[in-house]
Amino acid sequence: MSTLTVEAGELTASEILDALEDGQRIVVRVEMLGGVHEVTLRHDGTTYYCDTPTTLHKHQSVDEMRTCIEKMGYGRDE
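Start counting the sequence shown at 1; every next residue gets the next number (the working numbering).
Okay, here's the thing in structure tokens:
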């Protein structure tokens, strides 16, 4: 599994989801909690994961993952 590191908003949600579906792990650098932190997004073929500095979030569908990406500002508008 290769890793792609991007800044929040560098890719669209669709580009992030396409990369996850292709087996890439994406590290998104985001400003939160008073600093810059890295969030790791990945997909194991069944479940989508958002590994933040405080919590591991799991999403069961592409729609749930898209909502998370958009809500958290990881991807820019389409």
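In this text, a Cβ means the ideal position worked out from N, Cα and C, and glycines have one as well.
Outcome for residue i when other beta-carbon atoms lying within 10 angstroms are tallied against a minimum of 16
i, result
"Met-1", "exposed"
"Gly-75", "buried"
"Leu-41", "buried"
"Leu-17", "buried"
Residue i vs residue j beta-carbon contact at 8 Å
i, j, result
"Ala-19", "Arg-66", "no"
"Val-27", "Ala-8", "no"
Own chain, CB closer than 6 Å to residue i, minus 5 neighbours either side, in chain order
i, result
"Pro-53", "His-37"
8 Å Cβ shell around residue i - same chain, five flanking residues per side excluded
i, result
"Glu-70", "Ala-13"
"Thr-47", "Lys-58, His-59, Gln-60"
Cut-off 7 Å between Cβ atoms - residues of its own chain near residue i, not counting five sequence neighbours on either side
i, result
"Gly-23", "Met-1"
Restricting to runs no shorter than 4 residues, where is the alpha helix (DSSP H) found entirely within the stretch 4-44? For the stretch 4-44, whole alpha helix (DSSP H) runs of length 4 or above, ordered along the chain, are 13-21.
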